[in-house]
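When the letters of the sequence shown are read in order and numbered with full-length UniProt numbering, they come out as residues 1 to 252.
Glycine residues also receive a C-beta, built at the ideal position from the N, C-alpha and C atoms.
To start, the structure itself, in structure tokens.
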Amino acid sequence: MQPKLTLVGAGPGNGELITLKGIRALRQADVVLYDDLANDSLLDFAPESALTMYVGKRAGRVSLSQDEINTLIVRLAQEHGHVVRLKGGDPYVFGRGFEEYDYARQYGIQCEVVPGVSSCIAVPASQGIPVTSRGVSESFWVITGTTRHGELSDDLRLAVQSKATVVVLMGLSKLAEICAMYCEAGRGHLPMAVVQNGTRADEQSVLGQVWNIPQLVAAQGVGAPAVLIIGDVVSLHPSYLAECMRNFSMAC
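Dropping the structure here:
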């Protein structure tokens with residue numbers, strides 16, 4: 001028995017957005033460790049004999065620590081063989097994938113990474129929002145909403161000054177602070193979208209501008225997990241103008 005770890009990106013939420021290589025890894029798994037953002041339907045690709053275990057991590061919920069997950073991966077690989085770590089999005093985009101890879105490698109475990117479709121590009125695209133568009137935005141930032149110390153990233157302060165599209169992951173709890181930063185910089189007029197459960201059947205989205213998006217999100221009951229998209233590209237959403245007009249009429 002050869003201990004092995006395969007980090008598999010499960011994609012942004014819709015089960016059909018995993019890669020063929022990811023499915024192949026699941027079919028060869030002895031153990032599958034999955035998290036909150038991985039679609040449960042993907043477990044059907046694993047053999048019936050495979051051990052499946054939930055190790056989800058979500059802010060505000062009791063869960064295994066990262067150190068405990070690292071230790072569990074090594075133990076299960078040594079006891080069972082091939083461990084597939086199924087992670088939402090891409091394992092190396094705010095997924096702590098490298099921490100798990102590096103830890104397992106220190107124990108002589110063979111490791112492989114199967115990249116996944118990240119929500120930072122897939123969720124905007126599924127809404128009809130391009131993160132770049134000629135003449136509108138030439139680049140984009142991808143930033144975590146909360147650092148390991150629970151603070152806003154310093155990079156966000158730089159992004160606020162940029163003309164580029166800004167995509168914030170895991171940032172809904174900091175929505176008011178993020179919007180306040182833009183408003184203080186005189187950029188409260190920028191188009192903004194908040195998308196919960198992007199690409200899933202229960203997807204919800206809110207369109208507006210930075211200055212009013214916190215109120216719109218609260219009014220529509222949108223929660224985590226959500227992707228925040230800020231920039232002129234949001235105005236390319238097919239319903240953007242209609243939503244802005246509706247929000248304006250409601251405010252009046």
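Are residue i and residue j close, meaning C-beta to C-beta below 9 angstroms?
i              : j              : result
glycine 136    : aspartate 232  : A small fix is needed here, since residue 136 is valine in this sequence, not glycine. A contact, by the Cβ cut-off of 9 angstroms.
arginine 27    : alanine 46     : yes
leucine 216    : asparagine 197 : no
valine 32      : valine 83      : yes
histidine 80   : aspartate 44   : no
tyrosine 172   : alanine 224    : In the sequence as presented, tyrosine is not what sits at residue 172; that position holds leucine. Yes.
arginine 85    : glutamate 68   : no
isoleucine 229 : valine 167     : yes
glycine 150    : methionine 170 : no
threonine 19   : valine 117     : yes
glycine 89     : proline 3      : no
lysine 87      : alanine 38     : yes
Using 10 angstroms around the beta-carbon of residue i, count the other beta-carbons present and answer buried if the total reaches 16, otherwise exposed.
i          : result
serine 205 : buried
Under DSSP, the beta strand (DSSP E) around residue i begins and ends at which residues?
i              : result
methionine 181 : Not the beta strand (DSSP E): methionine 181 falls in the alpha helix (DSSP H), residues 175-184.
tyrosine 34    : 31-34
Any heavy atom of the ligand ATP within a distance shorter than 8 angstroms of the CB on residue i?
i            : result
threonine 52 : You won't find the ligand ATP in this model; it holds no ligand whatsoever.
Within the same chain, show all residues whose beta-carbon is closer than 7 angstroms to that of residue i, passing over the 5 residues directly before and after it, in chain order.
i             : result
threonine 199 : Pro12, Gly13, Asn14, Leu17, Ala122, Val123 and Ser126
valine 222    : Val194, Gln196, Gln204 and Val206
Please report the residue range of the alpha helix (DSSP H) in which residue i lies.
i           : result
proline 214 : 213-220
In the structure shown, what three-state DSSP assignment does residue i receive?
i              : result
valine 136     : coil
valine 194     : strand
methionine 245 : helix
alanine 38     : coil
alanine 77     : helix
Counting only the same chain and skipping the five closest in sequence on each side, list residues whose C-beta sits under 8 angstroms from that of residue i.
i           : result
alanine 185 : Val160 and Gln161
glycine 188 : Cys179, Tyr182, Gln209, Val210 and Trp211
Taking 6 angstroms as the limit between beta carbons, can you name the residues of its chain near residue i, skipping five residues before and five after?
i          : result
glycine 22 : Val8 and Val114
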